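Visitor: Following the UniProt record's numbering, the numbering of the sequence shown begins with 1 at its first residue and continues without gaps. C-beta: ideal position from N, C-alpha, C; glycine also. Just so you know, these numbers come straight off a predicted model, no measurement behind them. Dropping a structure here in structure tokens format, bear with me for questions.
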Amino acid sequence: MNSPGEFTPATATQRRWARTLFAFAVMLALVAPAPASAAPVVKGVVVPAFDRTPVYFSSDDNRRDVSTQASFPASGEFARITMHVSLDCPAGGCDPWDRYGTIGVVTGPGTDDAPAAVIELTRFMTPYGVGGRWSLDVTDMRPLLTGDVTLAAHIDTWVGPGSDGGAGWQLSSWFDLAPGRPSRKAIAVIPVWSPREVRYGDPVVPTAVDAPTVTLELPAAKAFSLRTFVTGHGQGNEDDCAEFCPRTHTIRVNGARHDLAGWRNDCATSGVRGQRGNYWYSRAGWCPGSLVKPWDVDVSGDIPGRTARVAYAVTPYVNGCRPGAVPFIPTTCTLGTSAEYDGGNHTPPIYRLSTVLIAFR
1 MNSPGEFTPA TATQRRWART LFAFAVMLAL VAPAPASAAP VVKGVVVPAF DRTPVYFSSD
61 DNRRDVSTQA SFPASGEFAR ITMHVSLDCP AGGCDPWDRY GTIGVVTGPG TDDAPAAVIE
121 LTRFMTPYGV GGRWSLDVTD MRPLLTGDVT LAAHIDTWVG PGSDGGAGWQ LSSWFDLAPG
181 RPSRKAIAVI PVWSPREVRY GDPVVPTAVD APTVTLELPA AKAFSLRTFV TGHGQGNEDD
241 CAEFCPRTHT IRVNGARHDL AGWRNDCATS GVRGQRGNYW YSRAGWCPGS LVKPWDVDVS
301 GDIPGRTARV AYAVTPYVNG CRPGAVPFIP TTCTLGTSAE YDGGNHTPPI YRLSTVLIAF
361 R
């Protein structure tokens, strides 16, 4: 027996076995099939849109409305399309007030008598005096987000460079397209009511004037869904409508009724933190510093054929604090104003409404 650590040379037999095993291993390596190449990885797509675009009011260079071009894949399926919206403060500071904002796809050119046709992708309310970031799912809008498109944005700001109260906003937006098959495939997005103001509380102008009943011709589809944005604005009126009065909105599809309470009581927790204003009060369908939640309704069972008759209504209301009200009762004016609108404490009650019908295969 060898002492510990003493080296023992291999025998001739051991050396022959070692050479045989080595040769066998080399032969296996030569004849073994090459490993299959990895399947190609389908990556997600990022589509840029607005990039710190200035949005402001100026009598010389009004930029409350801005537009940009975006290029989406012309073909292919995507499991999810996420839209991102970002507001930053320019050098002169953010607008100190909560403002209505929207971004949509331009589907038709404007004329001297009518604005461009736009389908709304998202609606938001700016925070009081600070920036904000939001994301939302727009997968069902894929029929619109195909190829080269024009995106239009509007923020209802009334400040700009040189203003004492801030210089407006810098708007950014982009889209993340995740590869894969969506849970359901949208094949068409059909406008019902383009973005508009619906006057409220004036018996001379019923809501049907601004949001008339429409009849739509539809493609063959397995399912249909309505998507609506509706928010109330205006204050100082009877019941402090339409920003601060809860009302029920109704949409009928071929006579079938669908109701929405349309009231946000989560403003204290849903908006951007650190705002410089009274963001916490409940409001009609919106909160400062927050996205507006779309009202999605499955109406497949209401459409047995290829047509849909769609009608809109809201809880009946007569605003006793309005120009021309007879009789005018001053106590109906919530903030103690006169009947005349003044652009501040007393503004007309309106609903901002837009609706599309989405068809799915």
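For C287, which of V45, L171 and G101 has the nearest alpha-carbon?
Guide: Put simply, of V45, L171 and G101 the residue whose alpha carbon is nearest the alpha carbon of C287 is G101.
Visitor: Can you tell me whether E217 is buried or exposed, with buried defined as 16 or more other CB within 10 angstroms of its CB?
Guide: exposed
Visitor: Compute the Euclidean distance between the alpha carbons of C245 and Y200, then round it to the nearest angstrom.
Guide: 12 angstroms
Visitor: With a threshold of 6 angstroms on Cβ separation, who are the neighbours of R252 within its own chain once the five nearest residues in sequence on each side are excluded?
Guide: Apart from sequence neighbours up to five positions away, the residues of its chain that approach R252 with a beta-carbon distance below 6 angstroms are A311, ordered along the chain.
Visitor: Could you please give the first and the last residue of the uninterrupted beta strand (DSSP E) stretch that includes D210?
Guide: Premise fails: D210 lies in the alpha helix (DSSP H), T207 to D210, not in any beta strand (DSSP E).
Visitor: Note the first and the last residue of the continuous alpha helix (DSSP H) segment covering T269.
Guide: C267 to S270
Visitor: Taking the CB atoms as reference points, tell me whether C89 and A208 lie closer together than 9 angstroms.
Guide: no
Visitor: Pair every Cβ in the segment 102 to 115 with every Cβ in the segment 128 to 135, then say whether three or more of these pairs are closer than 8 angstroms.
Guide: no
Visitor: For I303 versus F224, is the C-beta spacing smaller than 9 angstroms?
Guide: Cβ atoms of I303 and F224: closer than 9 angstroms.
Visitor: Nearest by alpha-carbon distance to residue 362: which of F360, T355 and A359 is it?
Guide: Coverage of the chain is limited to positions 1 through 361, which leaves residue 362 absent and any answer about it impossible.
Visitor: Can you list, in chain order, the residues of its chain with a C-beta nearer than 8 angstroms to that of I187? Leave out the 5 residues immediately preceding and following it.
Guide: For I187, the CB contacts under 8 angstroms within the same chain, skipping 5 residues up- and downstream, are P143, P219, A221, A359, F360 and R361 in chain order.
Visitor: Thinking C-beta only, is D95 closer than 9 angstroms to V159?
Guide: yes
Visitor: How big is the Cα-Cα spacing for G180 and I103?
Guide: Between G180 and I103, the C-alpha separation is close to 26 angstroms.
Visitor: May I ask whether a heavy atom of the ligand NAP can be found less than 8 angstroms away from the beta carbon of G101?
Guide: The ligand NAP is absent from the structure shown, which contains no ligands of any kind.
Visitor: With a cut-off of 8 angstroms, do at least 3 Cβ pairs link the segment 319 to 331 to the segment 295 to 309?
Guide: Not touching, per the Cβ criterion.
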